[in-house]
Amino acid sequence: MLNRTVVAVAAIAACAAAQAQLHVSPPPVTSETPASPAQALAQRAAAEEVLVSAPAAVSPTQPTRQAPEVSVPPLQPRVPAQKAAQSPRDKALADAVRRWEQTGQADALLGQGGDVRVPYGYSRPVIPCAPLQVCAIRLIPGESITALAIGDTVRWMAQQTTAGDTPVVLIKPTQGGIQTNIVITTDAGRVYYLHAIGKKDEYQPMTSFYDPDDMLRTQTAEAREIERLKKRIEQAEADARRAREEAAVRAAQKREEAIVAEAPGATLDPTKLNFSWRCEANSRAARDFVPQQVFSSATHTFIKLKPDAAEFPGVFAKDGASFALLNFRRKGEYVVVDGAQKHIVLAASVGDNAKLVDCVRRDVE
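FYI, the numbering for the sequence shown is -20 to -1, 1 to 345, going by mature numbering (1 follows the signal peptide of the UniProt record, and there is no 0).
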């Protein structure tokens, strides 16, 4: 039943993520109105050119008490969108690693059942142990003991074992008022140095280790993996958004092509066309591309250029002193401009050599 619940939750999360991707809106496009057709042409030429070329003191002994029951998200989840619950023991470890990263000081931690967790390499733990009581020393999981040495082998008993993938050393004094040192080496390259004290009325049942350096490396690797997954997701979303935009452009082009079917050469209702256009060139050089004919329908403006026109001009809408570059395309001998315009300007070249042709509908003059 638990597995089915987990699968169901994962499926719901995947569906929600897919729906979120399907409803991503493209970012708004902003543009500045060019001050003149010449500036607009310069900006357009520049854009086309780009497109083409483009350690702390630890108390010897710790009182045996239980840590508070707290449940928080883990340090680094393996799935960015989901965080599993964290045990109080793991939370205390995570907090200790954060303090060590920020201050350079690693703390001893109190766990459940009298477990005292000490940072490896940042302290020399002192373990109180009583006669007739076994004290357990739990090393870092995943390593194996290669050597175990105890200073007083006569009055102290030591034995090594394992709990899963965790090596464990069991020690016991034969009397109180004695002390010794213990050295443990492992195949992970760690050397544990401990001090044991035999006391009649005090003992520490469990001592374990955590490695702040190793935990931080693991945390950093997980964070990098999460960041990599996020980038892959963002790239996939960007690709999907770009594909949707391209599909929308293609659909719009097809619609425009259908509309352009009413252009010259097709069957148009002459009663719905406006031929009342007047065009003037600003210079003798601009006369070369004064249109032979300009007329408009309710949805488009059609410009018929001279067959021998040396240049293909840009088409701008003029509103007072501002200009806006229009969407247009060539259809045979005609330039088809989107929208029923009232005042358009054909512009070629830039700067002092700019050639302009001003076309205005007479019915709006």
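Glycine included, each C-beta is placed from N, C-alpha and C at the ideal position.
Nearest by alpha-carbon distance to residue i: which of the options is it?
i	options	result
residue 107	163, 186, 287	186
residue 343	225, 306, 254, 297	254
residue 180	153, 214, 301, 315	153
residue 155	143, 173, 182, 162	182
residue 151	126, 143, 117	117
residue 371	316, 218, 176	This structure gives no information on residue 371, because the portion of the chain shown stretches from -20 to 345.
residue 161	287, 223, 235, 129	129
residue 286	204, 205, 313	313
residue 102	193, 201, 111	193
residue 144	126, 121, 94	121
residue 94	104, 115, 111	115
residue 111	137, 227, 301	137
residue 235	318, 223, 98, 208	318
Using a Cβ-Cβ cut-off of 6 Å (strictly less than) and excluding sequence neighbours within five positions of residue i, which residues of its own chain qualify?
i	result
residue 158	135, 178
residue 261	267, 270, 337
residue 298	323, 325
residue 293	269, 326, 327, 328
residue 280	316
residue 100	189, 191
residue 163	129, 173
residue 283	271, 274, 315
residue 339	257, 259, 274, 324
residue 140	125, 128, 149
In chain order, what residues of the same chain lie with their CB nearer than 7 Å to the CB of residue i, ignoring the 5 residues before and after it?
i	result
residue 123	147, 166, 167, 168, 170
residue 265	335
residue 296	17, 20, 303, 304, 305, 306, 324, 325, 327
residue 263	335
residue 142	148
Using the three-state DSSP reduction, which class does residue i fall into: helix, strand or coil?
i	result
residue 282	strand
residue 338	strand
residue 333	helix
residue 252	helix
residue 200	helix
residue 162	strand
residue 152	strand
residue 129	strand
residue 299	strand
residue 168	coil
residue 269	helix
residue 320	coil
residue 119	coil
residue 346	Because the chain spans -20 through 345 in this model, residue 346 falls outside it and cannot be assessed.
residue 106	strand
residue 174	strand
residue 344	helix
residue 274	strand
residue 43	Because the pLDDT of residue 43 is 41, which lies under 50, any placement of that residue in the model is unreliable, and the number read from its coordinates should be weighed accordingly. Reduced to three states, the DSSP call for residue 43 is coil.
residue -14	Annotation note: pLDDT 44 at residue -14 (below 50); position unreliable, no value reported.
residue 51	Any reading at residue 51 needs caution, since the residue's pLDDT is 42, under 50, leaving its predicted position unreliable; the model's value is listed next. In the structure shown, residue 51 sits in coil (DSSP, three-state: anything other than H, G, I, E or B).
For residue i, write down the residues that DSSP places opposite it in a beta bridge.
i	result
residue 142	147
residue 95	186
residue 260	338
residue 111	According to DSSP, residue 111 bridges with nothing at all.
residue 314	284, 311
residue 292	For residue 292, which the question treats as bridged, DSSP gives no partner whatsoever.
residue 328	335
residue 195	Its beta-bridge partners do not exist; DSSP assigns none.
residue 304	297
To which residues of the same chain is residue i closer than 8 Å at the C-beta, ignoring the five residues directly before and after it?
i	result
residue 113	152, 183, 185
residue 289	268, 269
residue 310	292, 316
residue 212	none
residue 109	115, 151, 152, 153, 176, 177, 178, 179, 183, 184
Using a Cβ-Cβ distance under 7 Å, would residue i count as near chain C?
i	result
residue 228	No chain C appears in this structure, which consists of one protein chain only.
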